[in-house]
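Data first, discussion second: the structure below is written as structure tokens.
Numbering (UniProt numbering), first residue to last: 1 to 573.
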């Protein structure tokens, strides 16, 4: 950590207050309370004197041989590294108003009035120089080289000024040689005397200076050295003058040649001037032509700008059109894709339409076939009903009896109700010829077979009421073979249901309506017949069985497939 620095303001405060002082310097009855750390560090002579005084239980140093103003300057320098001469000491009673010289401080204020002259009187300058010489001598005495250098600097500033009065130089020279032994101060005085020797020889009192020991010899020696230097400088100046004269002669020759060349050049210049005038005329003409070309160029540039603006507009429009074209191209591509997709779907639909047309043609053929078979089947059913209805009398005893057909799953059973006849009953329901019963007129109530059968069933007793008059049940006829007509009908209905399940087109629905109307035509006839489809069927063969319900009074023929799902053909009035 660097040691703390001590500012001049801090030391000035310590000097004024005397705080923490540990030594005292006394001059002409005035005491200065100082600090050994400041004073002894700069002056070994003062340090030795104070150390010697401390042995005698004293810390005071008495300065004699120097006045109070000089001692004050030294103490100021010890604390501030500079000093200021007290102007009150320098002022004289008979001195008029004057401005203090440099590095001089006046305690009292000047009388009111105009500003004093800036140049002090010679007496004040003299006293100031003598005070600086005393400060230099005090610095030499107490071995303060910095104080001596500072005093020499102030002396040099005063004597080197332009308004320095040379008549006070003898006082300075005598005081410097008598009071101080500083060689730098003596060299400063000798240098001024050599520089101004001619003026000083005319100055009153200078002869006293020449009587100083070694002053005259040193002045003469320095003057001789200066004269020798001046002579050498003069020789150099003369040599330089000769060289300059030679240069002047050479320059005059060059000037003559230049004048000749100038004459020739003047003639050439006149010719060039004439040519220049011609060139100026040509330049003016060219300038006019250039102005015309510039105007044309400006017009062309204006046209170019308009063309450029039009080009930019067209390019913007082209960019817009290109963008629109790209959009349309994209839309066209999308439409092409949609068209290709629709075309593919159309081809698929056409293929499906062709398939459905083929199926429709096949169905029409099958429908025509089934229509014929249904007609034949209807005729067979009518014949069966007629056979049953015509069995009203016993072929042996010609007695009226009741009959009905029962379904035995594998065959039809024709049941009769007789009271007196004991002849065996034949097992045939076929329309084969039989002995004709006695001719009797059929009542009006028996004009329809179904009505006759129902009346007979109501008149005849039931088998349970009189079992003695009931013939044993016997098979009337074997179950018929599986009819191909029924198979085709079921296959036809199965195909229609499959087409409806797969979402056939509107034409197929029209076909179904037409087929439904045709089925209505098939079921129409002399005997009312109702066809009811209760469930889908596959193409497996079916069997036919017949049943009769006496209480309901109608016959029912049931068509069943392999899974016993009935399709009812209801026959009634």
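Even glycine gets a Cβ: it sits at the ideal position worked out from N, Cα and C.
These numbers come from a predicted model, not from an experiment.
**Study point:** Other residues of its chain near residue 172: CB distance less than 6 Å, five sequence neighbours each side excluded
**Key:** 129
Check your understanding: Can you list the alpha helix (DSSP H) stretches of 4 or more residues lying completely in the region 118–163, in chain order?
Key -> 122–141 and 145–159
Point to revise | Of the listed residues 302, 65 and 11, nearest to residue 179 (C-alpha basis) | key: The shortest CA-to-CA distance from residue 179 to any of 302, 65 and 11 is the one to 65.
Exercise for review: Taking 8 Å as the cut-off, decide whether the C-beta atoms of residue 206 and residue 200 are in contact.
Suggested key: yes
Point to revise | Those runs of the beta strand (DSSP E) which lie wholly inside the region 309–347 and span at least 3 residues | key: none
Review point. Is the beta carbon of residue 202 less than 8 Å from the beta carbon of residue 44?
Key: Judged by beta-carbon spacing, residue 44 lies beyond the 8 Å limit of residue 202, meaning their Cβ atoms are not closer than that value.
**Study point:** Minimum C-alpha distance to residue 28 - residue among 47, 71 and 41
**Key:** 71
Point to revise | Residues bridged to residue 225 [DSSP beta-bridge criterion] | key: Residue 225 pairs with nothing; no bridge assigned.
Check your understanding: residue 48: buried (16+ other C-beta within 10 angstroms of its C-beta) or exposed?
Key -> exposed
Point to revise | Limits of the beta strand (DSSP E) - the one that residue 196 falls within | key: Segment: none, residue 196 is in no beta strand (DSSP E) and carries neither H nor E.
Exercise for review: Kindly give me the distance between the Cβ atoms of residue 136 and residue 182, rounded to whole angstroms, as I take these residues to be in contact under 8 Å.
Suggested key: 5 Å
Check your understanding: Taking just the CA atoms, how far does residue 378 sit from residue 386?
Key -> 12 Å
Practice item. Quick one: measure Cβ to Cβ for residue 24 and residue 34, integer angstroms, because I've assumed they're closer than 8 Å. Key: 7 Å
Check your understanding: Alpha carbon to alpha carbon, how far is residue 352 from residue 324?
Key -> Going by the C-alpha atoms only, they are around 41 Å apart.
Exercise for review: Pull up the distance between the alpha-carbon of residue 576 and that of residue 20, whole angstroms please.
Suggested key: In the structure as shown, the chain starts at 1 and stops at 573, and residue 576 therefore has no counterpart that could be examined.
Review point. Cα separation between residue 316 and residue 348?
Key: Straight-line Cα distance between these residues: approximately 47 Å.
Check your understanding: What whole-angstrom Cβ distance do residue 170 and residue 209 have, given they're in contact under 8 Å?
Key -> That pair is a contact at about 5 Å.
Check your understanding: Considering residue 31, what are the terminal residues of the beta strand (DSSP E) in which it resides?
Key -> 30–34
Review point. In angstroms, rounded to a whole number, what distance separates the CA positions of residue 360 and residue 397?
Key: 58 Å
Check your understanding: Which one or two residues does DSSP pair with residue 62 in a beta bridge?
Key -> 26
Review point. Using the rule of at least 16 other Cβ atoms within 10 Å of the residue's Cβ for burial, across every protein chain shown, is residue 40 buried or exposed?
Key: buried
**Study point:** residue 292 versus residue 298 - alpha carbon distance
**Key:** 10 Å
Practice item. Would you kindly report the start and end of the unbroken alpha helix (DSSP H) that includes residue 171? Key: 169–179
Exercise for review: Would you tell me roughly how many angstroms separate the C-alpha atoms of residue 160 and residue 196, rounded to the nearest one?
Suggested key: About 11 Å.
Exercise for review: Name the residue from 11, 60 and 168 whose alpha carbon lies nearest to the alpha carbon of residue 123.
Suggested key: Out of 11, 60 and 168, 168 has the C-alpha closest to the C-alpha of residue 123.
Check your understanding: Leaving out the 5 sequence neighbours to the left and right, which residues in its chain are closer than 7 Å to residue 350 when beta-carbon positions are compared?
Key -> none
Review point. Would residue 193 pass as a contact of residue 219 if the rule is Cβ separation under 8 Å?
Key: yes
Review point. CA-CA distance, residue 11 and residue 174?
Key: 36 Å
**Study point:** Under 8 Å between C-beta atoms of residue 492 and residue 381
**Key:** no
**Study point:** Per-residue DSSP class, three states only, for residue 349
**Key:** helix
Point to revise | Alpha-carbon to alpha-carbon, residue 289 and residue 283 | key: 10 Å
Check your understanding: What did DSSP end up calling residue 11 once you bin it into helix, strand or coil?
Key -> Helix, per DSSP.
Review point. Can you tell me whether DSSP reads residue 233 as helix, strand or coil?
Key: helix
Practice item. Under 8 Å by Cβ, that's how I've got residue 79 and residue 38 pegged, so tell me the actual separation to the nearest angstrom. Key: About 6 Å separates the beta carbon of residue 79 from that of residue 38, a gap short enough to meet the 8 Å contact definition.
Practice item. Specify, as a first and last residue, the run of the alpha helix (DSSP H) that residue 78 falls within. Key: DSSP places residue 78 in the uninterrupted alpha helix (DSSP H) bounded by 68–80.
Review point. Where residue 250 and residue 279 are concerned, what is the direct C-alpha to C-alpha distance, given to the nearest angstrom?
Key: Distance between the alpha carbons of residue 250 and residue 279 is about 39 Å.
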